[in-house]
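Note sheet for the following structure.
Number of protein chains: 2
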Amino acid sequence: MTNSAPKRPNINTTPIDIQDYFKVAISVDCVIFGFDDNALKVLLIKCNLKEYEGSWSLLGDLVRPDEDLETASYRVLKERTGLDDLYLEQVQTFGGLNRHPAGRVVTIAYYSLVNIKHHQLKLSDNEVHWHPLNDITRLAFDHKKILDLCYLQLQKNIQEKPLVFNLLGNKFSLRELQHLYEAILGTKLDRRNFRKKISTTGLLIDTNEIESDVPHRPGKLYKFNYQKYQKQLQRANGSKPQG
Amino acid sequence: MTNSAPKRPNINTTPIDIQDYFKVAISVDCVIFGFDDNALKVLLIKCNLKEYEGSWSLLGDLVRPDEDLETASYRVLKERTGLDDLYLEQVQTFGGLNRHPAGRVVTIAYYSLVNIKHHQLKLSDNEVHWHPLNDITRLAFDHKKILDLCYLQLQKNIQEKPLVFNLLGNKFSLRELQHLYEAILGTKLDRRNFRKKISTTGLLIDTNEIESDVPHRPGKLYKFNYQKYQKQLQRANGSKPQG
DNA sequence: GCAAAAGTGTTCACATTACACCCATGG
DNA sequence: CCATGGGTGTAATGTGAACACTTTTGC
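From first to last, the protein sequence lines stand for chains A and B. Sequential numbering of the first sequence, starting at -9, is according to my numbering. Sequential numbering of the second sequence, starting at -9, is according to my numbering.
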């Protein structure tokens, strides 16, 4: 913000009533990624605006007058997935003039990663469905653009921050984890190199359990070491360059 | 966004008139970095709100009703520096409830890099000044938080994208460039490794000129190879993982 | 000739890549 | 016994970090 109108008339050369500025609505849109059947999926809802009848859209809502952006995005996440202990990352803000038929709506995009199996029963609203990312070609509003950017952001982040564990169950095999990485990155990975890389992070805890019900030799099951991850994060931030 | 109120009453459990949502203002705030005297600087303006009298703030303005976010941010940049051929990067959006005394103002933060010498004469508004980044301890509103985040973003970006050349003159020596990197990263760099690294990018053009008026052996002067950089960008984006 | 910075290569540690075989399980 | 994936190591290559001496110029 905002050294706006009063004492600096040179900035706003065309005089506009200050009240004309306060006619925007803010929304949040959440790109909620899930992982199932070795495919990345996104939670979408049937759009209820006649302009986009039959289209799907991201999960979003207007930000309430008494609500800050984070509160709103976590509210949407909670309302749609029942989950409230997840990480939401702000990605970008979209403010095109005609992106919403109801008026000027500026939207802030967030993404989150959820375990499909953990909350699928809470999807009470049957207009909400998981869609394979690769099948999504069109969405309402500018939501396809938002989705693409959030996916790109996810691809970037996975290299630095192994937060993708949220997409898997509490316990998982290295195969599941590798398939997840492959789905996100859109590439095949070398099994031995992948396991070495993961193992050097030291972020996996061997549960001493193995898979069952797999039609092949069962793999070991691991848990994510959240504590150790938190400590690593703190160390990393503590040793940042000055500033 | 925005599957807002009408047909999905379960989302908004407390009924709020749709018009209550359209009472927000949007602003852009630009963190304009410059480089001079081997120090990173930021362009600040004296805040003209009585609530923050005497404080400095970032350069920002309300987004006009008929203006999208990019247009607004480039307008602010142009108005304050006279420059219109620069790169502006959106960093994050800040929407805290009480961040602005005039009402709910959600601001989108951008940063840009400008050459101080190239535009200093155009700073007609004498309430606008360059401030060494390291001297800035307080700003109006939440602008210190915004500044810190933009600086962090700049530090991240410099590793991947050598856009910082905008901070230097058309021709520059490797010493100037290294000092710039050191100022941004807040660290000392090894001269030989730095020159090797820069030289392998192939993005410098030897102008066959040398410095003058330096009290030591003059260094070669280089130009940034924008064309080659653009091509590298395109190649990099073309070979992205599928999506 | 002195101060100050330009210019220049090698070595080492570490990370990334490519690559192949035997093992355990379910069917 | 067959199919499927589990589990494992090594060599080659590339990348980042550390490090010292000679050269050129202004003063």
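Note that CB positions come from ideal geometry on N, CA and C, so glycine has one too. Every value quoted in this text rests on a predicted model; they were computed, and no experiment measured them.
- Non-local beta-carbon contacts of A/Gly209 in its own chain, meaning distances under 8 Å to residues more than five positions away in sequence, involve Ser163, Leu164, Arg165, Ile200, Glu201 in chain order.
- Counting along the chain, A/His119 sits inside the beta strand (DSSP E) bounded by residues 118 to 122.
- Straight-line measurement puts the Cα of B/Asp125 at about 12 Å from the Cα of B/Trp46.
- Within chain A, no C-beta atom comes nearer than 8 Å to that of B/Arg207; the closest sits roughly 30 Å away.
- Under the Cβ criterion (8 Å, minimum of three pairs), the segment 119 to 138 of chain A counts as touching the segment 42 to 62 of chain A.
- Counting every other CB atom within 10 Å of its CB across the protein chains shown gives A/Asp19 a total of 16 or more, marking it as buried.
- Against A/Gln149, chain B offers no close residue; the least beta-carbon distance is about 11 Å (beta-carbon pairs closer than 7 Å).
- Within the model, the alpha-carbon separation for B/Gln222 versus A/Phe84 is close to 27 Å.
- Apart from the 5 residues on each side of it in sequence, B/Gly93 sits with its Cβ closer than 7 Å to the Cβ of Ala15 in its chain, given in chain order.
- For A/Gly85, the closest Cβ of chain B is nearer than 7 Å.
- In the displayed model, A/Asp203 falls within coil according to three-state DSSP, outside both helix and strand.
- Residue state for B/Lys13 is assigned as coil, using DSSP reduced to three classes.
- Contact annotation for A/Gly93 against chain B: Phe12 [CB-CB distance below 8 Å, chain order].
- Of the candidates A/Phe23, A/Gln143, A/Arg225, the residue whose Cα lies closest to the Cα of A/Leu103 is A/Phe23.
- With respect to chain B, the C-beta atom of A/Ala226 has no partner C-beta closer than 7 Å.
- Where A/Phe84 is concerned, there is no enclosing alpha helix (DSSP H), although the beta strand (DSSP E) around it starts and stops at 78 to 84.
- Going by C-alpha positions, A/Phe184 is about 7 Å away from A/Gln168.
- For A/Lys210, the enclosing beta strand (DSSP E) starts and ends at 210 to 214.
- Just so you know, the alpha carbons of A/Ile174 and B/Asn38 end up roughly 48 Å apart.
- Each of A/Gly159, A/Gly86, A/Tyr11 was checked against the Cα of B/Pro55, and the nearest Cα belongs to A/Tyr11.
- Put simply, the CB of A/Val96 is near chain B, with a gap under 7 Å to one of its CB atoms.
- Look at the segment 34 to 99 of chain A and you find these whole runs of beta strand (DSSP E), each 3 residues long or longer: 49 to 52, 78 to 84.
- Taking C-beta atoms as the reference points, A/Val81 and A/Ala99 count as a pair closer than 7 Å.
- B/Ile35 and A/Gln217 have their C-alpha atoms some 44 Å from each other.
- For A/Ile126, the three-state secondary structure derived from DSSP is coil.
- For A/Pro55, a Cβ of chain B is located within less than 7 Å of the residue's own Cβ.
- With a threshold of 16 other beta carbon atoms within 10 Å, A/Lys40 falls short and is exposed.
- At a C-beta separation below 8 Å, A/Gln80 has these neighbours in chain B: Gln82, Thr83.
- The beta carbons of A/Leu59 and A/Val66 sit about 11 Å from each other, so the pair does not count as a contact at 8 Å.
- The Cβ neighbour count for A/Leu129, taken over all protein chains shown within 10 Å, is at least 16; the residue is labelled buried.
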